[in-house]
Structure formats: C-alpha cells, structure tokens
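See below for the structure under consideration.
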Amino acid sequence: MPQKVIRYTRALSRWIKAGRPVRTETAIIDIFRNDCYPCVSYDKRTLSCRQCGCHVNELTIAPLNKIAMQTEHCPLEKW
C-alpha cells in the first residue's frame with residue numbers, strides 16, 4: 003500500500019506542475035475500453051491497474067482516474 007500512495011502522489015505532482023492537462027472525454031473512453039479494460043493487469047474488482055496500482059476508468063475527473071491525467075502513461079506502454 004505505501005508504494006501505491008507514493009506512485010499516486012508523484013503522478014499527481016507531475017500533473018499539477020504541468021498545469022493540470024487532461025485528455026478529452028473521447029480519448030479517456032477509448033483508452034479505457036481498448037487498452038485497460040481488456041488488459042490482464044486490470045483488476046475489475048478494484049477498478050485499478052495491478053501494475054501501477056492507480057485507478058483507471060471512464061471518469062473525466064483526473065485525480066480519480068490516471069487516464070484523464072495527460073501527463074501519465076501506462077506502465078506497460080499501451081497508451
């Protein structure tokens with residue numbers, strides 16, 4: 003759990019320092035449906051990635067969804 007908190011804090015910090023850029027709603031939905039949801043690393047029970055521990059979903063609220071933060075990427079380099 004502490005590693006997840008550290009990774010999330012770093013991601014949030016990068017995003018804020020970059021001026022809080024967000025992906026479009028269409029891009030978020032496409033990434034989630036095409037890359038995250040079908041991935042074996044996606045935990046459908048917790049709605050998070052088993053690789054990085056971040057929440058990934060179709061929400062456009064960046065702090066609640068790693069995909070929405072334009073500064074972030076998939077640890078498996080899918081997006």
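Using my numbering, the first residue of the sequence shown is number 3, and each one after it goes up by one. Note that CB positions come from ideal geometry on N, CA and C, so glycine has one too.
Near Trp17, which residues of its chain fall below 6 Å by C-beta distance, leaving aside the five closest residues on each side in sequence?
As a working note, residue 17 is residue 15 in the sequence shown. Result list for Trp17: Met71 and Thr73, in chain order.
Please tell me whether Phe34 and Ile8 are closer than 8 Å, where the distance is taken between their beta carbons.
Here residue 34 corresponds to residue number 32 of the sequence shown, with the count starting at 1. Here residue 8 corresponds to residue number 6 of the sequence shown, with the count starting at 1. It is not a contact, given that the beta carbons lie outside the stated cut-off.
Selected residue, minimal CA-CA separation from Leu78, among Thr28, Thr48, Thr11 and Val42:
For the purposes of this step, residue 78 is taken as residue 76 along the sequence shown, with counting starting at 1. The option with the nearest alpha carbon to Leu78 is Val42.
Would Ala64 be called buried (16 or more neighbouring beta carbons within 10 Å of its own) or exposed?
The residue labelled residue 64 in the question sits at position 62 within the sequence shown. Buried.
Please tell me whether Asn67 and His75 are closer than 8 Å, where the distance is taken between their beta carbons.
As a first step, residue 67 is located in the sequence shown; it is residue number 65 there, counting from the start. As a first step, residue 75 is located in the sequence shown; it is residue number 73 there, counting from the start. No. Outside cutoff.
Would you call Arg25 buried or exposed, if buried means 16 or more other Cβ atoms sit within 10 Å of its Cβ?
Here residue 25 refers to the residue found at position 23 of the sequence shown. Burial call: buried.
With respect to 7 Å, is the separation between the Cβ of Glu79 and the closest non-hydrogen atom of the ligand HEM below this value?
The ligand HEM is absent from the structure shown, which contains no ligands of any kind.
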